[in-house]
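Listed in order, the protein sequences are those of chains A and B.
If you're matching positions, the first sequence starts at 26 in the numbering used here and goes up one per residue.
If you're matching positions, the second sequence starts at 26 in the numbering used here and goes up one per residue.
The C-beta atom is built at its ideal place from N, Cα and C for all residues, glycine as well.
Encoded as structure tokens, the structure appears first; notes follow it.
Number of protein chains: 2
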Amino acid sequence: MSNTKPSLPKGTRDFGPVEMARRNYILETIKDTFRLFGFEQLETPAMENLSTLTGKYGDEGDQLLFKILNSGDYLKGVTIEEVAQGSSAILPKIAEKGLRYDLTVPFARFVVMNRNELVFPFKRFQIQPVWRADRPQRGRYREFYQCDADVVGTDSLVCEAEILLMIKRVFGAFGLTDYTIKINNRKILTGLAEFIGAPGKEQELCVSIDKLDKIGWEKVKGELLDRGFVADAIDKLAPIVRREEGLNADTLGFFREILGSSIVGSMGVDELSQVLDLLEAMGGDQSHVSFDPMLARGLSYYTGAIFEVKINNVSIGSVSGGGRYDNLTGVFGLPDVSGVGFSFGVDRIYDVLLELGLFGDVAAAPVDVLITHFGQQEMNYGLGILSELRALGISAEIYPDTSKIKKQFAYADKKNIPYVIVIGSEEMNSAKVTLKNLRSGEQHTDNLNKVCEVLVQKKRSPND
Amino acid sequence: MSNTKPSLPKGTRDFGPVEMARRNYILETIKDTFRLFGFEQLETPAMENLSTLTGKYGDEGDQLLFKILNSGDYLKGVTIEEVAQGSSAILPKIAEKGLRYDLTVPFARFVVMNRNELVFPFKRFQIQPVWRADRPQRGRYREFYQCDADVVGTDSLVCEAEILLMIKRVFGAFGLTDYTIKINNRKILTGLAEFIGAPGKEQELCVSIDKLDKIGWEKVKGELLDRGFVADAIDKLAPIVRREEGLNADTLGFFREILGSSIVGSMGVDELSQVLDLLEAMGGDQSHVSFDPMLARGLSYYTGAIFEVKINNVSIGSVSGGGRYDNLTGVFGLPDVSGVGFSFGVDRIYDVLLELGLFGDVAAAPVDVLITHFGQQEMNYGLGILSELRALGISAEIYPDTSKIKKQFAYADKKNIPYVIVIGSEEMNSAKVTLKNLRSGEQHTDNLNKVCEVLVQKKRSPND
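Rendered as structure tokens:
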């Protein structure tokens with residue numbers, strides 16, 4: 026047995042009680058909304074066959090997959106000659122499984138494997154960790170949670186509008202006010218490529234435009250030239266890219282006009298316009314929602330709507346995103362499954378809420394009250410009180426050892442427990458207890474019933 | 026890209042909406058109790074350094090660890106000569122991390138790494154999957170959840186009594202009535218070894234006695250002989266082993282007498298007796314709690330109380346277990362941390378509740394109501410209704426496409442949605458909606474306000 030100081034694998038984290046309370050608050054808020062909108066939960070295994078994962082995330086993604094060594098004598102059947110060819114050559118022989126890289130591919134696999142039992146449209150949400158062998162850095166971990174909702178089996182734009190409603194509901198519940206949901210449509214980008222005389226090149230256009238925020242228009246221009254866009258195309262693009270942000274209706278009008286000769290482009294404008302109409306028909310308004318015709322998210326599989334959420338008063342990049350895809354399951358032999366999905370970036374939302382001080386009392390009181398005592402007899406007396414408190418739903422602890430009262434109070438203090446009940450011989454003899462509010466310092470001695478009333482009341486309205 | 030039929034790695038499972046609803050019910054019930062008793066949540070990463078995991082679970086456990094191949098060119102620095110020595114020889118060079126095998130070792134690592142920040146006694150619960158490269162079979166998976174609660178940093182027997190209370194509270198909440206919490210104390214087994222004249226051999230005694238339920242006394246006798254227990258020792262053991270189960274007080278009295286000359290044994294009897302007294306002082310009674318002096322759980326690290334829960338009317342083995350240990354963190358260089366822990370067997374509890382029909386309506390209604398419609402106009406009209414329902418906290422969906430009403434009803438039916446709202450031209454013209462209860466077939470047409478009242482009422486008291 027080793028006796029060295031233990032450590033964590035790099036890029037991974039423990040989540041202690043305070044972090045867990047905050048994370049649970051975020052996840053429960055999101056889950057509540059998912060459920061209200063009719064999404065059902067799915068969980069898939071951490072391990073997938075490498076045949077399921079490989080080739081789905083590009084070459085770079087394949088490199089970032091964590092591979093699991095086959096059990097037992099994994100080198101059996103591998104010859105020395107094969108080993109001599111290197112790591113990649115023997116990989117398929119010694120590792121058949123890998124860790125989940127995202128929640129989309131496992132979801133697609135699930136849909137294909139269960140296509141005959143599932144009811145379509147299928148609305149699922151999934152909240153689980155994923156793993157990537159990325160170089161760890163601030164805000165980038167090798168294990169992190171994803172939090173996805175997708176509807177598959179319908180191309181109804183109601184789904185897009187519901188995504189906007191869900192985002193607004195969740196971010197509103199968090200108390201966030203200064204955020205923007207950027208929305209675009211892949212077809213608008215396709216139309217744009219046609220408009221500037223570079224039809225079919227929207228992929229390259231997207232990749233470059235996606236960097237607009239980071240590197241600015243001049244550098245994007247250079248990149249476009251490198252990618253073979255001619256000067257005339259870039260000239261046509263320039264006024265569009267540099268057009269000032271306006272009302273969604275104005276921007277839509279502008280694009281309806283310039284993309285009038287593009288069938289696909291017009292379709293994109295129509296879809297986006299309908300999504301905004303549906304949003305209003307469903308009782309939402311367009312506050313926080315901004316049509317950004319340059320939004321591309323650099324992802325090749327979106328075919329319709331594209332979403333991205335930014336927090337305007339925190340510098341952290343996008344905190345959520347998603348879009349519509351038309352071929353989620355084609356790679357597993359089931360073509361033409363259209364769907365639209367969205368992912369909340371839990372880690373970044375955590376950082377935002379922390380920075381803006383929006384967690385409030387979320388992690389403040391894991392336990393409502395601690396029973397402290399001056400000796401063995403008092404402790405025994407406290408045991409009965411403990412069960413009465415818990416029967417009322419009051420989360421309660423008794424200090425389990427006969428220690429100095431100061432140590433017991435320090436325990437309550439460090440655990441952020443707001444109240445202590447003190448039991449001394451006086452309390453025992455008078456069949457009363459002393460309740461002390463550790464935050465205000467106030468204390469009073471009363472019958473247990475009265476004290477319970479105070480605690481129940483506090484639990485119901487913690488801010489009174 | 027592969028285009029073959031996807032599959033799951035053997036021994037792993039997807040959890041669809043119905044399973045997830047049931048699992049969440051189990052886990053939320055347990056979490057509620059943990060929190061009421063002052064336990065706080067911890068989560069640790071799926072991956073641990075192999076130096077943390079190896080050597081903690083015996084040779085067999087080391088074999089069952091899933092190892093993660095190092096990223097990049099994992100064979101770099103490995104010579105052909107080393108490869109020729111086989112799988113085990115190069116393992117430390119090509120894999121530095123493994124998947125969590127249980128929650129206890131990561132917890133011990135966490136305690137050691139955070140010993141200066143933690144407040145002791147530290148009460149943590151942890152609910153996460155673990156992975157074992159075991160041969161899959163019915164009820165045994167390669168990925169499964171563990172659900173642990175531990176208190177470390179105190180040897181107070183209040184903790185043992187609280188474990189009994191928590192088990193009773195959780196199993197009671199599940200509606201289980203015919204279950205037994207077996208309790209024993211490792212010191213009683215030590216005393217027993219002394220009593221039969223085989224001091225220090227309680228480990229071997231435990232391993233054999235542990236099989237009593239499975240193979241019977243005659244075969245256990247044979248095994249004891251093989252393990253070097255003399256006939257005289259076995260003769261002394263026989264009447265104890267075959268003693269009929271009685272009241273806890275009687276069994277305690279019997280053991281207090283026969284172990285009177287063993288200091289450790291007497292201590293064990295005292296501890297157990299105190300735990301039962303504390304249980305009663307805390308408002309619990311001894312129903313479901315049975316002192317089983319033969320309970321050993323075959324685990325070498327228990328030093329005090331040992332717990333195990335069996336469901337008497339379902340043949341499934343133990344569904345939960347735990348005990349006190351005195352050296353959780355010694356292996357990581359932090360000696361003398363005493364703790365007591367308990368683990369709920371979530372997968373088996375799931376099977377038990379399913380077999381006994383105790384899930385009730387848990388997974389019955391993911392969504393309260395589906396809005397169906399006879400055409401595009403009716404659907405648009407329904408969108409406004411949708412948002413009013415959700416604003417009242419009613420989980421609601423609208424069928425997102427203009428399909429035949431029959432198809433929309435089939436969707437509600439397959440998703441187990443109890444109510445549909447039907448919108449036709451008549452409803453639109455009279456500003457009313459039709460609500461149909463899909464279970465009873467009843468339907469009536471009314472103002473939206475009235476219909477909302479019905480749905481809110483049903484949500485509050487689903488069985489009315």
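{"Check": "Collapsed DSSP secondary structure at Lys-118 of chain B in the structure displayed", "Outcome": "helix"}
{"Check": "Below-7 Å beta-carbon distance, Leu-75 of chain B vs any chain A residue", "Outcome": "no"}
{"Check": "Within-7 Å CB hit, Arg-252 of chain A to chain B", "Outcome": "no"}
{"Check": "Under 7 Å between C-beta atoms of Gly-123 of chain B and Leu-67 of chain B", "Outcome": "no"}
{"Check": "CB of Gly-216 of chain B within 7 Å of CB of Gly-293 of chain B, strictly", "Outcome": "yes"}
{"Check": "Straight-line Cα distance separating Glu-53 of chain A from Leu-463 of chain A", "Outcome": "29 Å"}
{"Check": "Inter-residue Cα distance where the pair is Gly-102 of chain A and Ile-119 of chain A", "Outcome": "9 Å"}
{"Check": "Arg-163 of chain B at chain A interface by Cβ criterion, 7 Å", "Outcome": "no"}
{"Check": "Beta-carbon proximity of Asp-173 of chain B to Leu-128 of chain B, cut-off 7 Å", "Outcome": "yes"}
{"Check": "Proximal residues, the stretch 127-138 of chain A versus chain B, C-beta separation under 7 Å", "Outcome": "Arg-134, Phe-135, Val-137 and Met-138"}
{"Check": "beta-carbon Arg-140 of chain A near the ligand SAH non-hydrogen atom, thresh 6 Å", "Outcome": "The model on display carries no ligand, and the ligand SAH is accordingly not part of it."}
{"Check": "Coil, strand or helix - Asp-361 of chain A by DSSP", "Outcome": "coil"}
{"Check": "Collapsed DSSP secondary structure at Val-334 of chain B in the structure displayed", "Outcome": "strand"}
{"Check": "Within-7 Å CB hit, Leu-408 of chain A to chain B", "Outcome": "yes"}
{"Check": "Beta-carbon separation (whole angstroms), Phe-413 of chain B vs Leu-395 of chain B, contact threshold 8 Å", "Outcome": "As written in the sequence, residue 413 of chain B is Glu, which differs from the Phe given in the question. Going by Cβ atoms, the distance from Glu-413 of chain B to Leu-395 of chain B rounds to 15 Å, so no, they are not a contact pair."}
{"Check": "Extent of the continuous beta strand (DSSP E) to which Met-138 of chain A belongs", "Outcome": "Element bounds for Met-138 of chain A: not the beta strand (DSSP E) but the alpha helix (DSSP H), 129-138."}
{"Check": "Pick from A:Cys-184, A:Gly-385, A:Lys-432 and A:Ile-208 that is closest to Ser-312 of chain A, judged by C-alpha positions", "Outcome": "A:Ile-208"}
{"Check": "CA nearest to the CA of Ile-430 of chain B, picked from B:Asn-139, B:Gly-409, B:Ser-465 and B:Lys-461", "Outcome": "B:Lys-461"}
{"Check": "Between the CA atoms of Phe-279 of chain B and Val-458 of chain A - distance to the nearest angstrom", "Outcome": "40 Å"}
{"Check": "Three-way DSSP call (helix, strand, coil) for Met-45 of chain B in this model", "Outcome": "helix"}
{"Check": "Phe-369 of chain B and Gly-348 of chain B closer than 7 Å at C-beta", "Outcome": "no"}
{"Check": "Chain B contact for Pro-42 of chain A (CB, 7 Å cutoff)", "Outcome": "yes"}
{"Check": "Three-state secondary structure assigned by DSSP to Pro-487 of chain A", "Outcome": "coil"}
{"Check": "Limits of the unbroken beta strand (DSSP E) element including Ser-345 of chain B", "Outcome": "343-350"}
{"Check": "7 Å CB neighbourhood of Glu-121 of chain B in its chain, flanking five on each side removed", "Outcome": "Asn-74, Leu-75 and Asn-95"}
{"Check": "Straight-line gap, Pro-487 of chain A to Thr-397 of chain A (C-alpha atoms, nearest Å)", "Outcome": "22 Å"}
{"Check": "For Thr-6 of chain B, the nearest candidate out of A:Asp-180, A:Asp-302, A:Leu-230 and A:Ile-446 (CA to CA)", "Outcome": "Chain B is shown from 26 up to 489; residue 6 of chain B falls before or after that span and cannot be answered."}
{"Check": "Pairwise C-alpha distance: Leu-61 of chain B and Val-476 of chain A", "Outcome": "18 Å"}
{"Check": "Where Asp-175 of chain B falls: helix, strand or coil (DSSP)", "Outcome": "strand"}
{"Check": "Residues of its chain near Asp-351 of chain A, where Cβ-Cβ distance is below 7 Å and the 5 sequence neighbours each way are ignored", "Outcome": "Thr-328 and Ser-363"}
{"Check": "Distance, Cys-184 of chain B Cα to Gly-358 of chain A Cα", "Outcome": "55 Å"}
{"Check": "Beta-carbon gap between Gln-299 of chain B and Leu-182 of chain B smaller than 7 Å", "Outcome": "yes"}
{"Check": "6 Å Cβ shell around Ser-315 of chain B - same chain, five flanking residues per side excluded", "Outcome": "Thr-205 and Lys-207"}
{"Check": "Sequence-distant residues of the same chain with beta carbon closer than 6 Å to Ile-419 of chain A, five excluded per side", "Outcome": "Asp-393 and Leu-480"}
{"Check": "Pick from A:Lys-35, A:Ser-450, A:Pro-425 and A:Ser-291 that is closest to Pro-161 of chain A, judged by C-alpha positions", "Outcome": "A:Lys-35"}
{"Check": "Extent of the continuous alpha helix (DSSP H) run through Phe-150 of chain B", "Outcome": "Per DSSP, Phe-150 of chain B belongs to no alpha helix (DSSP H); it is in the beta strand (DSSP E), 147-156."}
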